[in-house]
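J.: The C-terminal residue of the sequence shown carries number 608 in our numbering, and the numbering is unbroken.
For each residue, glycine too, the CB sits at the ideal point set by N, CA and C.
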Amino acid sequence: MCGIIGYIGEREAVSIILEGLKRLEYRGYDSAGIGILKEGKLSILKCKGRISYLQTLLEKKQISARIGIGHTRWATHGEPSSRNAHPHSDFSRHIAVVHNGIIENYQELRKQLEKEGVRFTSETDSEIVPNLIKKFYEGDLRKALRKVIKILRGSYALGIISVDEPDKIIAIRNDSPLIIALGKKENFIASDIPAILAYTRKVIYLNNGEIAVVGKDDVEILDKRGRKVAVSPEKVSFNIELAQKKGFKDFMLKEIYEQPSVLSRILSQYVKDNRIDFKTSGISPSLLKSIKEVVIIACGTAFHAGLVGRYLLETFSRLPVWAELGSEFRYRHPVIGKKTLVIAISQSGETADTLAGVREAKRRGARVISICNVLGSSLIRESEAYLYTYAGPEISVASTKAYTAQLTLLYLFSLYLARVKEKISAEQSKKVISYLKKIPQAQRKVLEREAEIKEIARKHLHFGAFLYLGRGVNFPTALEGALKLKELSYIPAEGYAAGEMKHGPIALIDEYRAVVCIANDSPLYEKMFSNIQEIIARRGKIIAIASEGNEQIKRLIKEVIFIPSVEPLLSPLLTVVPLQLLAYYLASLKGYDVDKPRNLAKSVTVE
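1) Report yes if the C-beta distance between P167 and L38 is below 7 Å; otherwise report no.
2) Would you report the Cα separation of A483 and K246, rounded to the nearest angstrom?
3) Pull up the CB-CB distance for Q444 and V578, whole angstroms please, since I reckon it's below 8 Å.
4) Exposed or buried, what is A199 when buried is set at 16 or more other beta-carbons lying within 10 Å of its beta-carbon?
5) Mind pulling the beta strand (DSSP E) runs of 3 or more residues that sit fully within the segment 175 to 227?
6) Checking 7 Å against the spacing of the C-beta atoms, do W75 and G36 come in under that value?
7) Does DSSP classify F467 as helix, strand or coil?
8) So L159 packs on A172, CB below 8 Å; how close in whole Å?
9) Tell whether a beta-carbon distance below 7 Å holds between L480 and G496.
10) With C-beta atoms as the reference, is S282 less than 7 Å away from L388?
11) Just to confirm the assignment: which complete beta strand (DSSP E) runs, minimum length 3, are found wholly within the segment 295 to 366?
12) Taking the alpha-carbon positions, what's the D274 to I434 distance?
13) So the alpha helix (DSSP H) L411 belongs to, where does it begin and stop?
14) CB-CB under 7 Å to L486, same chain, minus the five flanking residues each way: which ones, in chain order?
15) Counting along the chain, where does the alpha helix (DSSP H) carrying Y586 start and finish?
16) Pick out the complete alpha helix (DSSP H) segments inside the segment 41 to 101, 4 residues or longer, and give them in chain order.
17) Please return the same chain residues whose Cβ sits closer than 8 Å to the Cβ of K455, not counting the five positions on each side in sequence.
18) Which residue wins for smallest C-alpha separation from E449, given the options S287, I257, K559?
19) Using the DSSP secondary-structure output, state which residues sit across from Y497 in a beta bridge.
20) Going straight from the alpha carbon of F530 to that of I129, what length do you get?
21) Report the option in F317, A362, T341, F189 whose CA atom is closest to the CA atom of Y332.
22) From the DSSP secondary-structure annotation, give me the bridge partner or partners of F279.
23) Which residue marks the beginning of the alpha helix (DSSP H) containing E383, and which one marks its end?
24) In chain order, what residues of the same chain lie with their CB nearer than 8 Å to the CB of Y436, ignoring the 5 residues before and after it?
25) Pull up the distance between the alpha-carbon of P131 and that of I5, whole angstroms please.
26) Have a look at the DSSP bridge pairing and note the partners of K236.
27) A303: which of A399, R266, K136 sits nearest, CA to CA?
28) Taking 7 Å as the limit between beta carbons, can you name the residues of its chain near I381, skipping five residues before and five after?
29) Counting along the chain, where does the beta strand (DSSP E) carrying G388 start and finish?
30) So for L114, helix, strand or coil by DSSP?
31) Return the residue from the list R94, S123, I180, T478 that minimises the CA-CA distance to Q108.
32) Check for me: the alpha helix (DSSP H) holding K144 runs from which residue to which?
33) CA-CA distance, S82 and S490?
34) Apply the 10 Å Cβ neighbour rule to H334 and answer buried if 16 or more other Cβ atoms are within range, or exposed otherwise.
35) Kindly list the residues whose CB is nearer than 6 Å to the CB of G366, restricted to its own chain and excluding five residues on each side of it in sequence; keep chain order.
36) Measure the CB-CB distance between I519 and N475 and report whether it falls below 7 Å.
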């Protein structure tokens, strides 16, 4: 993996592909490359490092064409290097391929090709694909590709060009996202929508096993057997302006500041006259009436949202709820069935482990709904119903606004399910909704403390490790705060339930480790305050998140970030914001790229 862009048309392909690759940088990458066809010749340029290095190479070579493919690579097989970068070609340099995904049986296929005389130049699994296509090629790329996919095991999105058929790009998708974008006398392939937003908003989302034959003037979609598939293009709902920084230094800072408006947007979409209305999402009482248990499947930050969701669903609906990591769920033979509701959460809708968990749940008869930020994504298409987060494009690798959007929808869904199950009254639901409506303004008040949080970060730049502690519904917030710090600043950080501190983590506390304590007003505040006193007794350095007016904390701790006092159950929508800013500044003040942290990809499309 990580990013694919292809172009065929009447304009200069290299500049369009290069611009598309730049718009895919947010996904994370370690190398990049471009392949073009011109006058019966295949030219490939690639390099390790930033796209700016590739741009310099292209400017020196001064190559041009009307058809080409490009790729940003995030290493899975073979180290980051120019020879492992994409595109890869066959040994005769007739066919070039860009690939996202993992070919699981590549070693046995590679050995067979080597026996047949093929010499490989890279360490990747991807290089077998153009060589297999060449092996089966008899004048028709489509037929050759259909033979190849019969022997491939794994996930892949492929973009293919060939000197033998220079008027088309062939694309195929299997468990790795790929779209076809339609222009006027030009067409595109891409792994993600931002790559093509500058040129068109008409797209076709490929389904698993579908092959696209993309020409300048037309696009043909085929199934695995080569039969034509009727498709209708869809219009992308967001535009390129939403994927720009708008005066902010980084996308992450912009996205942190967008959270109040995202929350307000969600409430305006799903709350009518203080009643939750999910009609447009496909969620109805008939879908939920027979449900006896709920399983939440997610990965990374979305999993932390799911952990909060577990508290909410159990509190309001009184059903048993489990939150499961997508990467573990399907491997432990889950005991679920027709009366299980699975809620799958993913910003991109393409997280491989979450999708695998969803497919396993469906095989076992569970009902599936999803919370997602990308319409037309694989997750939404796999779900019976979905809740769209309305967060707009999230470009920074570290998730911020998508997280609080997911939380907001979990609050609304928890109330909705509780009403269906008759566990709360309409008045109780309206009361919580009224509290939710106050959160955007409370978030804005926290954002006003940005300079103060930046200064706290500056004072803690020399700390080599951090411990995050929270209780109850803010235990997941502690996990999320620690994850953000690790992602961005590369400082070791751990999140714990504060009640577990005496069961091990207390051994780590000394004057060299900072401890972030989430101590907002809540029924568990006194217990949290006891933890704080234990840390102080061991000379621990504390950064506290506390509710405004807490004089007890103010007298005891030097570094306190005060937040407005809100209903305790809603506090995760607030307590996470200062932790996002703290992580942002602990990384940015060290000079790190907060939008593209090392080794990370925005959308993890391989298991």
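T.: In terms of the structure at hand:
1) Within the sequence shown, the letter at position 166 stands for residue 167. Within the sequence shown, the letter at position 37 stands for residue 38. Cβ distance < 7 Å, so P167 and L38 count as in contact.
2) Along the sequence shown, one-based indexing puts residue 483 at 482. Along the sequence shown, one-based indexing puts residue 246 at 245. Roughly 25 Å separates the two Cα atoms.
3) For the purposes of this step, residue 444 is taken as the residue at position 443 of the sequence shown. For the purposes of this step, residue 578 is taken as the residue at position 577 of the sequence shown. That pair is a contact at about 6 Å.
4) Against the sequence shown, residue 199 aligns to sequence position 198. Classification for A199: exposed.
5) 180 to 183, 187 to 191, 203 to 206, 212 to 215, 220 to 223
6) In the sequence shown, residue 75 corresponds to position 74, counting from 1. In the sequence shown, residue 36 corresponds to position 35, counting from 1. Their beta carbons are not under 7 Å apart, which means W75 does not touch G36 by this criterion.
7) What you label residue 467 is simply residue 466 of the sequence shown in a count that begins at 1. Three-state result, F467: strand.
8) By one-based count along the sequence shown, residue 159 stands at place 158. By one-based count along the sequence shown, residue 172 stands at place 171. Right, their Cβ atoms sit about 6 Å apart.
9) Residue 480 sits at position 479 when you count from the first residue of the sequence shown. Residue 496 sits at position 495 when you count from the first residue of the sequence shown. In this structure, G496 lies closer than 7 Å to L480 by Cβ.
10) The count along the sequence shown starts at 1 and reaches residue 282 at position 281. The count along the sequence shown starts at 1 and reaches residue 388 at position 387. Going by C-beta atoms, S282 is nearer than 7 Å to L388.
11) 322 to 326, 341 to 347
12) Indexing the sequence shown from 1 puts residue 274 at position 273. Indexing the sequence shown from 1 puts residue 434 at position 433. Using only the alpha carbons, I get a separation of about 10 Å.
13) As a first step, residue 411 is located in the sequence shown; it is residue number 410 there, counting from the start. Unbroken alpha helix (DSSP H) run through L411: 402 to 421.
14) The residue you call residue 486 lines up with position 485 of the sequence shown. F467, I492, A494, A584, L587, listed in sequence order.
15) Looking up residue 586 in the sequence shown gives position 585. Per DSSP, the continuous alpha helix (DSSP H) segment holding Y586 begins and ends at 573 to 589.
16) 52 to 62
17) Within the sequence shown, the letter at position 454 stands for residue 455. The residues are L582, Y586, L590.
18) Locating residue 449 in the sequence shown gives position 448, where the first residue counts as 1. Per the Cα distances, I257.
19) The residue you call residue 497 lines up with position 496 of the sequence shown. Y497 is bridged to L470.
20) One-based indexing of the sequence shown puts residue 530 at position 529. One-based indexing of the sequence shown puts residue 129 at position 128. Cα-Cα distance, rounded: 59 Å.
21) As a working mapping, residue 332 is identified with position 331 in the sequence shown. Closest by alpha carbon: A362.
22) Translated into the one-based positions of the sequence shown, residue 279 becomes position 278. Looking at the DSSP assignment, F279 forms no beta bridge with any residue, so it has no partner.
23) As a first step, residue 383 must be located in the sequence shown, where it is residue number 382. Where E383 is concerned, the enclosing alpha helix (DSSP H) stretches over 379 to 383.
24) Indexing the sequence shown from 1 puts residue 436 at position 435. Take Y436, set aside five residues on each side of it, and the residues of its chain with a beta-carbon closer than 8 Å to its own are V567, E568, L571, in chain order.
25) If you number the sequence shown from 1, residue 131 lands on position 130. If you number the sequence shown from 1, residue 5 lands on position 4. Taking the straight line from one Cα to the other gives about 16 Å.
26) One-based indexing of the sequence shown puts residue 236 at position 235. K236 is bridged to K203.
27) Translated into positions along the sequence shown, residue 303 becomes position 302. Among A399, R266, K136, the Cα nearest to that of A303 is on A399.
28) Within the sequence shown, residue 381 is the residue found at index 380, counting from 1. Excluding positions up to five away in sequence, the list reads G350, S371, C373, Y387.
29) Here residue 388 is taken as the residue at index 387 of the sequence shown, counted from 1. The amino acid at residue 388 is misidentified as Gly; the sequence shows Leu. Segment 386 to 389, the beta strand (DSSP E) holding L388.
30) Sequence index remark: in the sequence shown, residue 114 carries index 113 (1-based). If DSSP states are grouped into helix, strand and coil, L114 belongs with the helices.
31) Here residue 108 refers to the residue found at position 107 of the sequence shown. For the residues R94, S123, I180, T478, the minimum Cα distance to Q108 belongs to S123.
32) Your numbering for residue 144 matches position 143 in the sequence shown. That run of the alpha helix (DSSP H) goes 142 to 152.
33) For this step, residue 82 is matched to residue 81 along the sequence shown. For this step, residue 490 is matched to residue 489 along the sequence shown. S82 and S490: Cα-Cα distance of roughly 24 Å.
34) The sequence position of residue 334 within the sequence shown is 333, counting from 1. Looking at its Cβ environment, which holds fewer than 16 other Cβ atoms inside 10 Å, H334 is exposed.
35) Start at 1 with the first residue of the sequence shown, and residue 366 comes out as number 365. If we look at G366 and ignore the five residues flanking it on each side, its Cβ neighbours are G338, K339.
36) Along the sequence shown, one-based indexing puts residue 519 at 518. Along the sequence shown, one-based indexing puts residue 475 at 474. Yes, they are a contact pair.
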